[in-house]
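For reference, the structure is listed below as structure tokens.
In the working numbering, the protein residues as written are 61 to 135.
Below, the structure written as structure tokens:
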């Protein structure tokens, strides 16, 4: 379940055209991401904390790089 959620979250923040090749590439990225965190974690709790922290970081960074549609440069 966590894996599917992470793949969906990553797909929102990585440029993918929705083609099968892009889906495979996205899956490979998610697998490497999870493997690195799993290897570094010292317990199940640490693993969950690291995954949550990293996903929040990805979400925050992507929001900071997107233009705010509610604001206008013509004031």
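By construction, the Cβ of each residue, glycine as well, lies at the ideal position given by its N, Cα and C atoms.
If you follow the alpha helix (DSSP H) that residue i is part of, which residue opens it and which one closes it?
{"i": "residue 108", "result": "104-125"}
How is residue i classed by DSSP in three states: helix, strand or coil?
{"i": "residue 101", "result": "coil"}
{"i": "residue 135", "result": "Only weak support exists for where residue 135 lies, its pLDDT of 44 falling under 50; the coordinates are left without a value."}
Could you compute how far the alpha carbon of residue i sits from the alpha carbon of residue j?
{"i": "residue 104", "j": "residue 118", "result": "21 Å"}
{"i": "residue 97", "j": "residue 87", "result": "15 Å"}
{"i": "residue 84", "j": "residue 92", "result": "12 Å"}
{"i": "residue 112", "j": "residue 82", "result": "24 Å"}
{"i": "residue 125", "j": "residue 116", "result": "14 Å"}
{"i": "residue 94", "j": "residue 121", "result": "19 Å"}
{"i": "residue 90", "j": "residue 114", "result": "12 Å"}
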